Structures are given as structure tokens and as C-alpha cells.
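As you go down the protein sequences, you meet chains A and B in turn. Quick note on this note's numbering: the first sequence kicks off at 2 and runs consecutively. Quick note on this note's numbering: the second sequence kicks off at 110 and runs consecutively.
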Amino acid sequence: MNPLTVPPPEVPALPEADCLRQLTRKDFQTDQEVRWCPGCGDYAILAQVQKVLAGLGRPRHEFVFVSGIGCSSRFPYYVNTYGFHGIHGRAPAIATGVKCARPDLSVWVVTGDGDGLSIGTNHLIHALRRNADLKILLFNNRIYGLTKGQYSPTSEFGKRTKSSPLGTIEQPIRPILTALAAQATFVARTLYADPGHLAETLAAAARHRGAAFIEILQNCRVFNEGAFDAVADRATAEENRLLLRHGQPIRFGPGGRRGLILRDMEPACVDLEAEPHRAGELLVHNAASTSPALAALLAELEPPHFPTALGIFRQLERPTYEDLLMGQIREATARRGRPDLRQLLESGTTWVVE
Amino acid sequence: MKPGCTDPGRELRELRQSTVRFAGDSGDGMQLVGSQFADLASLSGCTIRTIPDFPSEIRAPAGTLAGVSGYQLSFGSEEVLTPGDAPFVLVAMNPAALQVSLPELQPGGIIIVDTDAFTPANLAKAHYAANPLEDGSLEGYRVVPVPMTTLTQEATQPSGLPPGARARCKNFFALGLTLWLYDQPLQPLLEWLMRKFRKDRAVMAANGASLRAGYNFANTTELLRIHYRVAPGRLPPGRYRRVTGNEATALGLIAAAQRAGRPLAYASYPITPASEILHELSARKEYDVRVLQCEDEIAAAGAALGAAFAGAVGATGTSGPGLSLKTETLGLAVMTELPLVVINVQRAGPSTGMPTKTEQADLLMALYGRHGEAPLPVLAPASPADCFTVAYEAVRLAIRYMTPVIVLSDSFLANSAEAFRIPEVDRLPVPAPAAPPPPPEAFAPYRRDPATLARPWLMPGTPGYEHRIGGLEKQDVTGLVTYDSANHRRMVELRARKIAGIAAELPPPQIEGEPRGDLLLVGWGSTYGAMAAAVRQARLEGHRVGHLHLRHLNPLPPQLEPALRGYRRVLVPENNAGQLATVLRSRYLLPVESLSKVEGRPFLIREIRNAIEELLRA
């Protein structure tokens, strides 16, 4: 906290301050009825977020959830912290303001593929580029749900929806590639259907200092059922999930039977049971690479020819926006002395009229 | 050299007020010498009002009409309310400057020109078929031809600077000449030069030599037979400084945040003519100013609102096109009832319009330009120094009533400068919420203070008050989401009553003039100076005319209707097509008349005088 800022108004201490006891998931639930459709992937995400928050060792009042518009953006109403349900696409901007006013708080952004990658892409890119310490959760269901079923910017080419009865004629935007291009310092992908992986990824983002971007693959039961079945279904999951582990050779499939190599600068799968000698050629995941090249290559992989990569694509350390901002304020204060309003008003040429 | 230390053969005439215009190429340093002249006039006790006229091109070709940069100031022993209708003295550093400025010069005015710049090439660039110094077209003016570049070169030789750098000192030659013309002392300026260029002694010496040379040239040649003295004025006692509207706005925001004991979060996107506020605040980080230059106008409004949610003084500045983009966020701020200050430095629109020209055409947008029923306070400063008071008041109202506030400044106020009486810091009211925070068990996000109807401001980080707000309709008191029809109606009413209730603490409008009369001029914003001057002149001539100027445009002050009805006719001069006139007509069902000027320029005093006389004759 900047020493110049007067603390918030004094209020009576709570008899049972949050910080004195171990919080549980229940502490982060509100009395509001959760109003997503039955079977919506958002329920699973909400549960894991509440669980992870409880494990962070911080009291509830130090969390702020900011959202835009869309199904996912109802999220703040269901988390018993401070929350701000904003306007379409603008959550990263609002959250940046919150973080700059109160760098000490843990600020989370909940957005969707329409909110974050259509109307709000600009804000998302710039929030990531600045590296403000925001945890940005992008629920990607590849459809507009709240407006009842139009194609979204992440819908696959040719997809038939209410607004594209003959199929879309647009290339989908790639969330992970967008985040990498914006030089985000933490870029990950997880999915609603794997609570363990979801919780692990959320916790890693929470520990990261800087802008963290998580694409969460999420099923829309009503308007895009089965969009991620290949990777979500237990039957096919092992074949179609590529779990990224920093410093490890990239293997997937049952028992890590298959692996990823680079052939003529293109990714290719190898069957290590058939060709065990190729184990030495496997790509090794390096989330700390300063080059986004490998992360970008992994982000592009998708069924049917490749598995979907899940986990942390990239994690780097870089000064946060608010640290640099407050650093400049401290520096200016050190150089020019404590602020004196009279001195400010009387700066420059002044004269006295008797 | 002391004032009055001149050839006794010269005549010294007393003036109550005078207007000077320095005009030259954008690279000629006209803004610098103009502002220095303004400071000197202020130091001598005069009241001042200045206005620059920049080219809209960043680097227009030298010598062209598009490249002319001007600085006009009016100074006087009485209250100077505008930068002057018509200059008495024009300093023209080249033919283009003469061409652009001549039409505004007073008949019989003085033209000081740098004859060295009147080359065939420069004359052609200024679209002169013949040299106006030689073809008799300047008859009726007093022309003072001076080879300024040559004389500056000679005078600055000892500085050792290369000839190009020495020639650039000619603006100080022109200033020295003008100082002699107005019987002003050189010493304060020489001292200023020593401070300003202490790290570059050669430049200091050259500018000082040039300044003295200009002064001495005027003193010794016979070109100027008369010089003038504008007697000191009678400003209220206090310490003063010169401020532009944008500087005063920045100072007002800092002062309000400091007095509130909160950081100032100013989020903005560069836009003419509001960017100077961004620059001023960026240079004042030691006052806990958290400046965010955002990716767009929308983000700037959003970040400022987010900062306000988190307990900072959240402000954003912009101009017309940017206000359009901030509109959605303003709606959110109305719904979430958070203190957000939006400074709109108006410029000529619609669309990109004329970005460097002034206009007041965003009033109806500020009042009504949001979807849904979304009332909010709208304030307008009347003069550059008033921008301080209004920016401060905007922060105070925003926090006290938990509401977004729009301030309507404009390009004229933003760039114009005048003397600002520096307020006693300890006497500035502390911007604070209407009521202290309730205990956590009594807290509800929309449980209002009964007097102001303001909801409590409990920001993230405060234990025990965790809550959620947003753009969806709120249940009264609890702030929970509801689409209940009776509740919506009640909330619409509550939001409207809260803003309307601000009127209760506003002072009734002050009329300059009698409470009753033939013609009342009602204005808002930057038209103040020209209106006040015109009305004073009309009153001196015995006309029953009054002037009422509105600082609060929403809510309007109490007792406004009887004030308007006290006069037979009401005239509203505005730099738009009649927006306040429309508001007053619809609000009070009065046949208010409109005097509209939408030319990208402020009113001249005489334009309003003429309108008054025409109406009184009718």
C-alpha cells in the first residue's frame, strides 16, 4: 500500500475476523440462487474457484471479482467477496482501475469468449500486455449463450447457429494465441470437466504475480452441447488430452504412449511403442521460454489430428503494472518531498495583491 | 532599466485596458513571449486574460497561413473578462502572421513587423500578390517596420551561438519592443531568463541581449512616438498565479483528492483539447496521482470507475467523441451509484469536427445522452480559474451523493489563461460521504442516507462489508438483482430524487443587475466573460439588463424560475444551436430566446452588445 493513501474509513472490527480461522468453500458461497442452466459447466468452475480461494489463506474482503456481460459474468454474484458485475467486455478495464487504487487486493476477472474476445478483446489484450496482477478466467464455450445461441468469435469455421444457418464464414480467434501475442506472463488452459486440473491451474494462477490468463473450456448444455466432448469425455480424454509439464518431454495418450515431435517445423505425433528410439526427439515443454514459439505451437493443436494441450503454456516473471506505477509515485515523493498542497498551488510564477 | 526612463519628448498615454497579439510561425516562440508578457502584466497589478491560437497541424510548413501561431492577451486596470475583441497591437513576425491577424486588428492599431521576413517567398506563401508594407494596404494602421532578424543577429553576436540559434532569439527582441511600448520593466524578465536558462548560459545571454536590444531599439528610434501605460487593477487581495483552464482543472482534481485523503486515479486517452490535463497530472505523481493512459476512452472510463469502486477519487477526461464512448460507463456509474468525475473539454463537433476549435454543443448530451432514465449532475466552469473550483466541486458532489458527475469545460477555457487567486488550502471543504459508514450488521449496499439519498461507499478491502454491485437493476436497500416492476419504478424515482435533491444545497442564482428589468441574459460555461462585459457596458448606458450565469446545469439552482420571470425577456447566448435555451423553455414554459454562435470561436463582447441593443430596440 502506498503510504500516502489514507486508509479506508475506520469501521468496528468483526467479532470473528476472517483471517483468524481457516476458511472453507462454503465461506465463499453467497445466499444468491445460482441461475445457470442445469448441467452448465459454470457450476463446476464456480465450485473449484470457491475451493481454491478458501485455500489461499486470505480473508474474503481482500478479494474482488469483476465481470462483464454474459452467462459467465454472473459469477461475482455467487462469490461472497467484493464483486462488480460490469458492462460488456469492460471487466479488464474496471479491474485495472480497482488494482491501481488498491494494489494490495486480489483481483479476479471472469469473462467469456464473447465478452473477452469479441466486444472486449481490446481491453483483454492491453490488460495482459500491462501485466497488472489480475487473474483472468475466460470461460470458452464457443457460443453466445445468454443471447440464446448465436456463433461466437471462438466458434469453429462453418458452424451452424441461429445467426449462421448456412455455417459461419469466419475463422475463430485463438484465446491462447491472443494471450501469448499480448505477452501475458501466465497463460494456461484447463477445462470444466476435470476438477483436479481446474483447481491446480487456478491455484497456480493465484500464486503468479502478474496478469494470469486461463482459458477454461466449458460446455454450454443448451446451445453448444458436446463442444469439447473429445477432450472432456472420460472415454476419450486420455487420448485427447496433452497435459503440459514444465521441463518434461511432451507425451500423451494412455501410459504416455504417444509423443510430440517437430518435423519440418510442423508438429507431428509419434507412437513411442512402435518407435521407442524416437523418445529422444520429443519436444520438451518450457513454460519459461522467453519465445512464445513453442507455446503457440502447442496452443494450436486440436482434435482430431492432435490432442488438446492443457496446463500452463507460459509463465514468466515481469514487474507488475501496479508495482511500477506505485514505484514511480514513491520515486516522485522521494525526489520532491511529501506532498504539500499549498506548495503545489503556488508553484510557478506567483504574485501578491495587497 | 526602469519604466518611465525614456526620452521626455515621447508621449506616455494612460489606458484602462489593452489587447496585444503576438503572431508568427509555429517555431517563432510566440506562445513563450506571449505568456511572459502576461506574467509581467500580472506582476504590474493588471488583470489578464489570454488565448493562444495554435495551428492544428503539428508541423505546418514554415511561413504558411496554416503554420501561424498566435497568442493574444488583454490586460487592464479593471476586471478583464475576455482575451479582447480586437488587438490594439499586433506583432507579426512574417507575412502569414499579418495576413491571418489583420482582419481582427482595431482600426488605427499598431502593427510591428519583422521586415526581414517579408521576402518574396514568404509573401507568396502568405498569398500576398504585393508587399503589404509597400502597397499602401495598411493605411489606417500605425506600421512599425523593424528588421528584427538582422538586429537580433547583431545584438546576440557576443553570445557565441551559431547564427541560426541567434536568429531564433528574435521573439525576445519583439517582446522587448512591446515591453517598451507598454512602459513595462525589463528586470523581472531578465531574472526569469536567468532562472530558465541557468544550465545554458549562451542561450540565456543571447535571449537577454535580444530582449534588451528590442527595448533599446524602441527607446532610441523615432518609430514609436507614443507609448502606453495600463494602470494597475484592483483585484481582491491574495496570492495569484496564471492558470489555463486545463491546468486549473488538474489542480482542482488533485486538491480535492488530497483534501479527501484519497488517491486520485485519473484514467484517460489522449484527445485534443483535454490532453493537457493528462500531462499535468502525469507530472504530479508525488500527490498520489495514479495516472492510467488507457487503450481507449471506454477503458479510461471503466478504469476510473473501478478505481472509484475501490475507494480512490476516480476521474477521466475527454472531449466530445470520447464522451460518446464513455456513455455506457456513465450509465453503469449511475446504476452502481459510484463517484466518477468525467471532465468533457468540449470542441466543435459532431464527429471529429474541428478538434482545435471551441463549442458548447455537448450540453444536451451531458444532460440526457444515456439510455434509460439516468440523471446525473452537470457542472460548467465560467472561466479558466473557475475550472479549479468546478473540478473540486465535482469531486465533492460525486462523493457526497455517490454519483457520476460531468464537468463541461471547453477548448476556449482549456487554453485560455487568467489570474487565479490561490485558495487557502485549509478552507477548502473536505470531500466526504454524506454519512459515516454504518456498522457491518446495519450495512446494505443500497441503504441510503435519508438526507441526501446517497448509498454508503464501502470499498473492497474493508472487512465485514463484502458485497456485489453491477449494472442490473437493484432491489431497494439490499442491492440484490431484481426485475420487480414496482421496485424498478421506485429505484428510477430514488435515483432521480437524489440528483434533484442536490439543488437544496445550491445557492440561488445571482443576477448581476436588478431583480427586475427588460432583458436578462442567461449563460453557462465559457460565455461568461463576453456576456458579463457586454451586460456591464449596457448597464453603464442605463439599460435595464441583467446577467445570470449557471454553474450547475443539473440540477438547476433553486429560485431560478422567479429570477427568469423577473425580466420581460430572456436571452441565452450559447456556442451551440440553442441547447440551454431549449432546456429552459421546456422546464419553465418561458419564451426564452437564443443567441447562437457555432463558428468554432467564442463570442466577442460586441456581438453580445449588438444582440442586446437589437432586442432592446425591438
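Yeah, the Cβ is synthetic: ideal placement off N, Cα and C, and Gly gets one too. If you're wondering where the values come from, they're calculated on a predicted model, not measured in any experiment.
What first and last residue would you give for the beta strand (DSSP E) that runs through residue i?
{"i": "B:E120", "result": "120 to 124"}
{"i": "B:Q262", "result": "Element bounds for B:Q262: not the beta strand (DSSP E) but the alpha helix (DSSP H), 257 to 264."}
{"i": "B:N663", "result": "661 to 663"}
{"i": "A:L263", "result": "259 to 264"}
{"i": "B:T636", "result": "Note, B:T636: premise wrong, no beta strand (DSSP E); not H, not E."}
{"i": "A:N141", "result": "135 to 141"}
{"i": "B:I452", "result": "449 to 455"}
{"i": "A:Q184", "result": "No beta strand (DSSP E) contains A:Q184, which DSSP labels as neither H nor E."}
{"i": "A:C270", "result": "267 to 272"}
{"i": "B:S377", "result": "373 to 377"}
{"i": "B:W289", "result": "That residue, B:W289, is in no beta strand (DSSP E); its alpha helix (DSSP H) goes 279 to 290."}
{"i": "B:S151", "result": "Where B:S151 is concerned, there is no enclosing beta strand (DSSP E), although the alpha helix (DSSP H) it sits in stretches over 139 to 152."}
{"i": "A:F66", "result": "64 to 68"}
On a CA-only basis, which of the options is nearest residue i? Give me that one, please.
{"i": "B:D134", "options": "B:E406, B:L174, B:M568, B:P161", "result": "B:L174"}
{"i": "A:S74", "options": "A:L139, A:A297, A:R175", "result": "A:L139"}
{"i": "B:I611", "options": "B:T330, B:L665, B:D194", "result": "B:L665"}
{"i": "A:Q316", "options": "A:F224, A:G254, A:G211", "result": "A:G211"}
{"i": "B:D137", "options": "B:A169, B:P549, B:W289", "result": "B:A169"}
{"i": "B:T561", "options": "B:P545, B:M463, B:A206, B:M139", "result": "B:P545"}
{"i": "B:N316", "options": "B:P341, B:L260, B:D292", "result": "B:L260"}
{"i": "A:Q151", "options": "A:S165, A:E157, A:N142", "result": "A:S165"}
{"i": "B:L333", "options": "B:E683, B:E166, B:V222", "result": "B:V222"}
{"i": "A:N142", "options": "A:F229, A:K52, A:H209, A:L299", "result": "A:F229"}
{"i": "A:A206", "options": "A:R36, A:F66, A:D134", "result": "A:D134"}
{"i": "A:L263", "options": "A:Q30, A:A194, A:A294", "result": "A:A294"}
{"i": "B:N719", "options": "B:R677, B:Y697, B:A647", "result": "B:A647"}
{"i": "A:R336", "options": "A:G328, A:T291, A:R343", "result": "A:G328"}
{"i": "A:T179", "options": "A:N225, A:L125, A:I217", "result": "A:L125"}
Indicate whether residue i and residue j have their beta-carbon atoms separated by less than 8 angstroms.
{"i": "B:A150", "j": "B:A357", "result": "no"}
{"i": "B:H729", "j": "B:E621", "result": "Residue 729 of chain B lies beyond the range of chain B shown here (110 to 727); nothing can be said about it."}
{"i": "A:Q49", "j": "A:L199", "result": "yes"}
{"i": "B:V101", "j": "B:A365", "result": "Chain B is shown from 110 up to 727; residue 101 of chain B falls before or after that span and cannot be answered."}
{"i": "B:F418", "j": "B:L439", "result": "no"}
{"i": "B:A491", "j": "B:G634", "result": "yes"}
{"i": "B:Y349", "j": "B:A526", "result": "no"}
{"i": "A:C38", "j": "A:E323", "result": "no"}
{"i": "A:F314", "j": "A:I177", "result": "yes"}
{"i": "B:V539", "j": "B:R368", "result": "yes"}
{"i": "A:L147", "j": "A:L311", "result": "no"}
{"i": "B:L693", "j": "B:L630", "result": "no"}
{"i": "A:F66", "j": "A:G42", "result": "no"}
{"i": "B:N355", "j": "B:E385", "result": "yes"}
Could you tell me how far apart the beta carbons of residue i and residue j are, in whole angstroms, since I believe they sit closer than 8 angstroms?
{"i": "B:S518", "j": "B:I452", "result": "6 angstroms"}
{"i": "B:V516", "j": "B:T287", "result": "Their Cβ separation, rounded to whole angstroms, is 36 angstroms, which puts B:V516 and B:T287 out of contact at 8 angstroms."}
{"i": "B:V200", "j": "B:F281", "result": "With 8 angstroms as the limit, B:V200 and B:F281 do not qualify as a contact, their Cβ atoms being about 12 angstroms apart."}
{"i": "A:D99", "j": "A:K136", "result": "According to the sequence provided, residue 99 of chain A is Val. The question's Asp does not apply to it. With a Cβ gap of about 12 angstroms, A:V99 and A:K136 do not count as contacting."}
{"i": "A:L106", "j": "B:G579", "result": "Wrong, their Cβ atoms sit about 18 angstroms apart, outside the cutoff."}
{"i": "B:A412", "j": "A:H127", "result": "No, B:A412 and A:H127 are not in contact; Cβ-Cβ is about 10 angstroms, not under 8 angstroms."}
{"i": "B:S428", "j": "B:T381", "result": "7 angstroms"}
What does DSSP give as the partner residue(s) for residue i in the beta ladder?
{"i": "B:F190", "result": "Reading off the sequence shown, one finds Leu at residue 190 of chain B, where the question assumed Phe. None; B:L190 has no bridge partner."}
{"i": "A:A189", "result": "A:I215, A:I313"}
Indicate, with yes or no, if the ligand COA has a heavy atom lying under 7 angstroms from the CB of residue i.
{"i": "B:P711", "result": "With respect to the ligand COA, the structure shown offers nothing to examine, as it has no ligands at all."}
Residue i lies in the alpha helix (DSSP H); which residues open and close that run?
{"i": "A:C101", "result": "92 to 102"}
{"i": "B:H597", "result": "594 to 609"}
{"i": "A:Q329", "result": "322 to 337"}
{"i": "B:R368", "result": "354 to 369"}
{"i": "B:V590", "result": "No alpha helix (DSSP H) holds B:V590; DSSP gives it neither H nor E."}
{"i": "B:R696", "result": "688 to 697"}
{"i": "B:P671", "result": "669 to 674"}
{"i": "A:V53", "result": "43 to 55"}
{"i": "B:Q208", "result": "204 to 210"}
{"i": "B:Y337", "result": "Unbroken run through B:Y337 is the beta strand (DSSP E), 335 to 339; no alpha helix (DSSP H)."}
{"i": "A:H86", "result": "No alpha helix (DSSP H) holds A:H86; the beta strand (DSSP E) holding it covers 83 to 86."}
{"i": "B:Y180", "result": "That residue, B:Y180, is in no alpha helix (DSSP H); its beta strand (DSSP E) goes 177 to 185."}
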